[in-house]
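Notes follow the structure.
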Amino acid sequence: MSEPARQHPDTPWLSILLPAFNDAAGIQQVLASLATRGRANDIEILVSDDSTNSRCAQAIRSAVSAWANARYVRNVPPRGAVSNWNHLLAQATGHYCLLIHHDEYFENEDALVRALGLLQASPAPAGIVMPCRVQQGNGLARLHMPAWLAEYVSRRWPRYLLRRNLWGPPSVLILRRDLYADYDVRLKWLVDVDLYSRVLLQCDPRLIFMRGAGVVSAPAVNSITRTLQPHLASIHSAELALLAGANGTNTLWLQRSGLVPRLLRGLESVAWYVFRAIWKTIHLL
Numbered sequence: 005m006s007e008p009a010r011q012h013p014d015t016p017w018l019s020i021l022l023p024a025f026n027d028a029a030g031i032q033q034v035l036a037s038l039a040t041r042g043r044a045n046d047i048e049i050l051v052s053d054d055s056t057n058s059r060c061a062q063a064i065r066s067a068v069s070a071w072a073n074a075r076y077v078r079n080v081p082p083r084g085a086v087s088n089w090n091h092l093l094a095q096a097t098g099h100y101c102l103l104i105h106h107d108e109y110f111e112n113e114d115a116l117v118r119a120l121g122l123l124q125a126s127p128a129p130a131g132i133v134m135p136c137r138v139q140q141g142n143g144l145a146r147l148h149m150p151a152w153l154a155e156y157v158s159r160r161w162p163r164y165l166l167r168r169n170l171w172g173p174p175s176v177l178i179l180r181r182d183l184y185a186d187y188d189v190r191l192k193w194l195v196d197v198d199l200y201s202r203v204l205l206q207c208d209p210r211l212i213f214m215r216g217a218g219v220v221s222a223p224a225v226n227s228i229t230r231t232l233q234p235h236l237a238s239i240h241s242a243e244l245a246l247l248a249g250a251n252g253t254n255t256l257w258l259q260r261s262g263l264v265p266r267l268l269r270g271l272e273s274v275a276w277y278v279f280r281a282i283w284k285t286i287h288l289l
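Quick note, the working numbering runs 4 ahead of the 1-based positions in the sequence shown.
Shown next as structure tokens:
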């Protein structure tokens with residue numbers, strides 16, 4: 005795999021892409037978490053705003069204007085979630101890209117600085133998978149998945165991510181811009197893990213699974229996850245069938261019919277829920 009040189013000394017190392025939607029406070033929180041310790045020239049900030057409220061859009065524009073290397077655009081009419089992600093990827097000029105939503109933010113000031121250091125190492129990685137912590141009702145953030153387990157399973161069975169999202173939201177992934185393919189606009193629920201599995205098949209082992217601080221996800225009321233929740237089972241099944249026709253996912257136990265595949269899925273479900281129950285209990289102790 006080729007390793008493109010930085011095109012120009014002024015080209016930012018990292019494009020941080022923010023698809024905004026009716027949440028000025030969330031965008032402000034994301035921006036506040038971008039502590040770079042004097043390395044602001046290493047990043048560019050792009051905000052593509054689907055807000056339907058003009059007052060909210062103005063507040064987002066005002067927050068973005070405080071950053072020197074930032075660009076803001078309001079989409080009229082709105083592009084829609086996945087199309088907006090792809091639009092941001094097309095506009096990015098950085099060597100690497102990070103897509104982060106208004107209900108996510110960097111865990112502490114070290115997370116982004118450490119990530120930038122890894123990106124600028126030699127040999128340069130294809131990308132970084134950062135840890136994700138999920139905000140709980142009690143205000144604490146629980147680690148979504150141990151990094152060692154996410155790495156072990158992902159590298160050996162990339163398509164397993166279509167059954168269980170071991171990574172978290174797209175904000176955990178920093179990837180070279182020339183390797184960052186479009187998200188599949190046909191998908192809603194599997195849209196992120198479909199891209200993760202494609203990245204693994206293309207880039208592994210040149211991905212780094214970062215330990216320590218990463219990003220925090222605090223799903224908003226209008227998040228994709230919460231809006232799809234009532235119909236999740238049927239959406240998941242339909243999208244697996246759609247992907248099966250495109251890339252042969254039906255050759256795996258994920259989607260195949262018959263007694264043995266159903267038994268494997270049942271055993272996997274039991275193991276998964278036991279593990280999750282133990283994992284959550286550990287974080288409550």
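Quick reminder that beta carbons are idealized off the backbone N, C-alpha and C, glycines included.
May I ask you to report which of helix, strand or coil DSSP gives residue 23? In the sequence shown, residue 23 corresponds to position 19, counting from 1. In the structure shown, residue 23 sits in a strand (DSSP, three-state: E or B).
Let's test the definition: count the other Cβ atoms within 10 Å of the Cβ of residue 98 and tell me whether it reaches 16, buried, or not, exposed. What you label residue 98 is simply residue 94 of the sequence shown in a count that begins at 1. Buried: at least 16 other Cβ atoms inside 10 Å.
Pairwise C-alpha distance: residue 50 and residue 10: One-based indexing of the sequence shown puts residue 10 at position 6. One-based indexing of the sequence shown puts residue 50 at position 46. Confidence at residue 10 is low in this model, with a pLDDT of 49, below 50, so the placement of that residue should be treated as unreliable; the coordinate-derived value is given next. Approximately 19 Å, taken between the alpha carbons.
Any heavy atom of the ligand PLP closer than 7 Å to the Cβ of residue 207? For the structure depicted, the ligand PLP is absent and the ligand set is empty, with no information on it obtainable.
Can you tell me where the beta strand (DSSP E) with residue 139 in it begins and where it stops? Here residue 139 refers to the residue found at position 135 of the sequence shown. From DSSP, the beta strand (DSSP E) with residue 139 extends over 136 to 139.
Can you tell which of 77, 74 and 27 has its C-alpha closest to the C-alpha of residue 59? Position 55 of the sequence shown, counting from 1, holds the residue named residue 59. Ranking 77, 74 and 27 by Cα distance to residue 59 puts 27 first.
Classification of residue 236 by the beta-carbon crowding that lies within 10 angstroms, buried from 16 upward: Within the sequence shown, residue 236 is the residue found at index 232, counting from 1. Answer is exposed; the Cβ neighbour count stays below 16.
Helix, strand or coil: how does DSSP classify residue 75 here? Your numbering for residue 75 matches position 71 in the sequence shown. The answer is strand: DSSP assigns residue 75 an E or B state.
C-alpha gap between residue 213 and residue 106, whole angstroms: For the purposes of this step, residue 213 is identified with residue 209 of the sequence shown, where counting begins at 1. For the purposes of this step, residue 106 is identified with residue 102 of the sequence shown, where counting begins at 1. Taking the straight line joining both Cα atoms gives about 23 Å.
At 4 residues or longer, what runs of the alpha helix (DSSP H) sit wholly inside the region 168 to 251? 195 to 207, 228 to 232 and 236 to 251
Beta-bridge pairing of residue 1 - partner residues as DSSP gives them: Here the chain covers residues 5 to 289 and nothing more, so residue 1 does not appear.
Whole-angstrom C-beta distance between residue 161 and residue 136, which should lie under 8 Å: The residue labelled residue 136 in the question sits at position 132 within the sequence shown. The residue labelled residue 161 in the question sits at position 157 within the sequence shown. Wrong, their Cβ atoms sit about 19 Å apart, outside the cutoff.
Go through its chain and collect everything with a Cβ distance to residue 129's Cβ below 6 Å, but skip five positions before and after it. The count along the sequence shown starts at 1 and reaches residue 129 at position 125. So the list reads 210 and 212, once near-sequence residues are dropped.
Three-way DSSP call (helix, strand, coil) for residue 52 in this model: Position 48 of the sequence shown, counted from the first residue, corresponds to residue 52. If DSSP states are grouped into helix, strand and coil, residue 52 belongs with the strands.
I'd like to check one pair, residue 243 with residue 191: are the Cβ atoms closer than 8 Å? For the purposes of this step, residue 191 is taken as residue 187 along the sequence shown, with counting starting at 1. For the purposes of this step, residue 243 is taken as residue 239 along the sequence shown, with counting starting at 1. Yes. Within cutoff.
Am I right that residue 3 and residue 21 are in contact with their C-beta atoms under 8 Å? What's the rounded C-beta distance? The requested residue 3 is not part of the displayed model; the chain covers only 5 to 289.
Closest by C-alpha distance to residue 89, when choosing among 185, 66, 120 and 45: If you number the sequence shown from 1, residue 89 lands on position 85. Ranking 185, 66, 120 and 45 by Cα distance to residue 89 puts 185 first.
Distance between residue 275 and residue 254 (C-alpha atoms, nearest Å): As a working mapping, residue 254 is identified with position 250 in the sequence shown. As a working mapping, residue 275 is identified with position 271 in the sequence shown. Note that residue 254 has pLDDT 48, beneath the 50 cutoff, so the model's placement of it is unreliable and no number is given.
In its own chain, which residues sit with a C-beta less than 8 Å from the C-beta of residue 282, not counting the 5 before and 5 after it? Within the sequence shown, numbered from 1, the residue matching residue 282 stands at position 278. So no residue of the chain qualifies.
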